[in-house]
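Notes follow once the structure below has been shown.
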Amino acid sequence: MNEKALVAVLCLLGIAGVCYGLYKRDHVVFFAGLVFLIAGYLLFRKKLRAYYSEKYFSQGDPNGP
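Residue numbers (this note's numbering): 620 to 684.
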């Protein structure tokens with residue numbers, strides 16, 4: 620499974636879990652949904668930071684990240 624699909628699946632599972640947990644007042648499912656959302660967000664953020672780092676900063680740039 621490629622990384623884009625993994626991020627999408629994690630975020631969708633997280634959204635579904637949070638919505639179900641709120642609707643049925645199931646705390647375990649709600650918190651599991653939050654964990655999936657946070658994991659998807661962190662993977663997305665890592666990929667996005669790497670993309671911008673490669674695109675906008677050269678290897679010899681002392682002001683780069």
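We put the beta carbon where it would ideally sit given N, CA and C, even for glycine.
Predicted model only: the values in this text are computed from it and were never measured.
Hey, would you say residue i sits closer than 9 Å to residue j, going by beta carbons?
| i | j | result |
| --- | --- | --- |
| Gly633 | Val654 | yes |
Would you mind sorting residue i into buried or exposed? The rule is 16 or more other CB atoms within 10 Å of its CB.
| i | result |
| --- | --- |
| Val628 | exposed |
Just the C-alpha distance for residue i and residue j, rounded to the nearest angstrom, thanks.
| i | j | result |
| --- | --- | --- |
| Ala651 | Gly636 | 7 Å |
| Leu625 | Phe676 | 27 Å |
| Glu622 | Leu631 | 14 Å |
| Tyr639 | Tyr670 | 34 Å |
| Tyr642 | Glu673 | 42 Å |
| Arg668 | Leu662 | 10 Å |
State the DSSP-derived secondary structure class of residue i, mapped to helix, strand or coil.
| i | result |
| --- | --- |
| Arg668 | helix |
| Phe676 | coil |
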